[in-house]
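Peer 1: In this text, residue positions in the sequence shown follow full-length UniProt numbering: the first is 63, and each later residue adds one. We put the CB at the ideal spot given by N, CA and C, even for glycine. This structure is in C-alpha cells; I'll ask about it shortly.
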Amino acid sequence: VFAGVPQGPEDPILGVTVAFNKDPSPVKVNLGVGAYRTEEGKPLVLNVVKRAELQMIKNPSLGKEYLPITGLADFNKLSAKLIFGADSPAIQENRVVTVQCLSGTGSLRVGGEFLARHYHERTIYIPQPTWGNHPKVFTLAGLTARSYRYYDPATRGLDFQGLLEDLSSAPEGAIVLLHACAHNPTGVDPTLDQWEQIRQLMRSKALLPFFDSAYQGFASGDLDKDAQSVRMFVADGGELLMAQSYAKNMGLYGERVGALSIVCGSADVAVKVESQLKLVIRPMYSNPPLHGATIVATILNNRDMFEEWTIELKGMANRIISMRQQLFNALNIRGTPGDWSHIIKQIGMFTFTGLNSDQVAFMRQEYHIYMTSDGRISMAGLSSRTVDHLANAIDAAVTK
Ligand code: LMR
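See below:
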C-alpha cells in the first residue's frame, strides 16, 4: 500500500552528517551541523552536566514519573529567569507562561500551533536567510511564512535598511521571527541601537515578536549580554514569544530540552494562555521528558554549578573565536583572493563564508570537507588540526 510513496529529500543540515558518515576518507571534516567539538574533534559533555547527573543518581526522591503536560515547574521558572533576567518585571507580575518543550524546534512548533489557533494574524515574517527548519516548522503549524530582508551578500553584513522597509510594510499585527543572538546561518546580529529601532518600529505597528534563542552565551560568552535584545522587548511591557534551547549552551543536544515562554499582557491572560498551551501539547506528545530538564534545573538552581557552567560556556565560546582568527590568518597567509574579514566579524557558531554551492561541492569532492550548500560552516567543528586543511580547500575553491 505504500509503494507509491516518493523518496523524500535529505534534510539540508542533518543530511550533511548522513553524507559525512558514509565518507571513508581519514581527512574528512564535518562543518555542517552546529554541534560543538573539542580541539580533538570530539563531542563534549560538559563537566557540570556530569556533576548534575551524578547528583541526580544519588537522589532517592528522583523517580521516573510523568512530568505534568507543561513540564518541570522548577525548570520553567529558572529558564524564564535565565532569558528575561531575575529582576524582570514581567516575571514578577506573573505575566510569563513557560512550558518545557522538545528543545528549540519543539518550542517553536508549540508556539506556532498556539498562534495559529488563538492569534488573529497568521503571517510570520522570517529573516532571509534563516535556519532551514524555520519555514517548515511554522508552515506545518498552520502559519504563512513570508521573509524579510536581513543579510546583504555585498557587505556580508546586515541589510538594515531592507529589514526596516520590509517590517514597515508588513500587515499590522504580523508575527516576526527574530534570532535573539548569533543569527543562524549568517553570524550577523543587529547592534543594540539597531535593535532599539527594530523594537520601536515593531511596537508602533503591533508586530508580535517571536524570539528564537538557541545560542544564549555562545555569542559573547556572557549569558546576560546575549539576552539584551530580548530584554529590551520585555522592558517595554509588550507581549512576545520566546523559544529557548539548551542544546548548544549546555551541550544537551540529544536530551531535547528547551522552553517556550509567552509574555502576556496580564496575569489573568497568562493563566488562560497556559491552559491552551496544554491543549496543544497533550495530543502532540503528552508531556516532555524528565532527564534533560532535571539536569538544567539542577545546574541553574545551584550557585556553584551555575558558576562552573558559565566558565565552561566561555571556554567553548572562546575556542570558537580563536578558530575564527586562525582561519582568517590561514587564508591571509595563503593570499586567498577576497576579503575574509567577515570570518572574524561574524559571531556565534557559524561563519557564512560566501562560498557558492559549486565551491561547496568541490570542497566536499576534493577535500572531504562537509558544510551546508549555502556556504555556512560550523566554526565549532573546526580545530587547530583541521584549519589548514580547510584553508587549503577554500583557497583551491576560490582560485580554481
Ligand atoms: C544547525 O543549524 O546546525 C543546528 O541548529 C542543528 C539543527 O538541528 O539544524
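Which word fits residue 180, buried or exposed, when buried means at least 16 other C-beta atoms lie within 10 angstroms of its C-beta?
Peer 2: exposed
Peer 1: What are the complete alpha helix (DSSP H) segments, minimum 4 residues, inside the region 178 to 214?
Peer 2: Secondary structure remark: continuous alpha helix (DSSP H) runs of at least 4 residues inside the region 178 to 214, in chain order: 196 to 203.
Peer 1: So residue 402 packs on residue 110, CB below 8 Å; how close in whole Å?
Peer 2: In fact, because the Cβ distance is near 35 Å, the residues do not count as touching under 8 Å.
Peer 1: Let me know if residue 84 comes out buried or exposed under the rule of 16 or more other beta-carbons within 10 Å of its beta-carbon.
Peer 2: exposed
Peer 1: If you compare alpha carbons, which of 428, 63, 379 and 437 is closest to residue 283?
Peer 2: Of the listed residues, the one whose Cα sits closest to residue 283 is 379.
Peer 1: Does residue 63 pass the burial test, meaning 16 or more other C-beta atoms within 10 Å, or should it be called exposed?
Peer 2: exposed
Peer 1: Please go through the same chain and pick out, in chain order, the residues whose beta-carbon is closer than 8 Å to the beta-carbon of residue 229, but skip the five residues on each side of it.
Peer 2: 187, 210, 238, 260, 263, 264, 267 and 269
Peer 1: Taking 6 Å as the cut-off, is the C-beta of residue 249 nearer than that to any heavy atom in ligand 1?
Peer 2: False, no ligand heavy atom lies under 6 Å from that Cβ.
Peer 1: Are there three or more Cβ pairs, one per stretch, closer than 8 Å when the region 353 to 364 is compared with the region 290 to 305?
Peer 2: Under the 8 Å Cβ criterion, the region 353 to 364 does not count as touching the region 290 to 305, having fewer than three qualifying pairs.
Peer 1: Helix, strand or coil: which one does DSSP assign to residue 238?
Peer 2: strand
Peer 1: Cβ of residue 173 versus every heavy atom of ligand 1: is any distance shorter than 6 Å?
Peer 2: no
Peer 1: Using only the heavy atoms of ligand 1, determine whether one of them is closer than 6 Å to the beta carbon of residue 75.
Peer 2: yes
Peer 1: Does the beta-carbon distance from residue 389 to residue 405 come in below 7 Å?
Peer 2: yes
Peer 1: Taking the alpha helix (DSSP H) that residue 216 belongs to, which residues open and close that run?
Peer 2: Per DSSP, residue 216 belongs to no alpha helix (DSSP H) and is neither H nor E.
Peer 1: Which residues in the same chain as residue 124 place their Cβ atom closer than 6 Å to its Cβ, once the five residues preceding and following it in sequence are excluded?
Peer 2: 118
Peer 1: Quick check: what's the CA-CA separation for residue 367 versus residue 361?
Peer 2: 5 Å
Peer 1: Given residue 416, which residues of its chain have a CB within under 8 Å of its CB, disregarding the five upstream and five downstream residues?
Peer 2: Closer than 8 Å at Cβ, skipping near neighbours: 215, 218, 400, 404 and 437.
Peer 1: Can you tell me which of the three DSSP states residue 356 falls into?
Peer 2: Helix.
Peer 1: Within the present structure, is the beta-carbon of residue 454 separated from the nearest heavy atom of ligand 1 by less than 6 Å?
Peer 2: no
Peer 1: Under 8 Å by Cβ, that's how I've got residue 195 and residue 162 pegged, so tell me the actual separation to the nearest angstrom.
Peer 2: 20 Å between Cβ atoms; not a contact.
Peer 1: Determine, using beta carbons only, whether residue 453 and residue 425 come nearer to each other than 7 Å.
Peer 2: Contact flag unset, no.
Peer 1: Is it buried or exposed, residue 70, if we count other Cβ atoms within 10 angstroms and call 16 or more buried?
Peer 2: exposed
Peer 1: Apply the 10 Å Cβ neighbour rule to residue 223 and answer buried if 16 or more other Cβ atoms are within range, or exposed otherwise.
Peer 2: Counting Cβ neighbours within 10 Å, residue 223 comes out exposed, since fewer than 16 surround it.
Peer 1: Of the choices 429, 455, 345 and 444, whose alpha-carbon is the least far from that of residue 396?
Peer 2: 455
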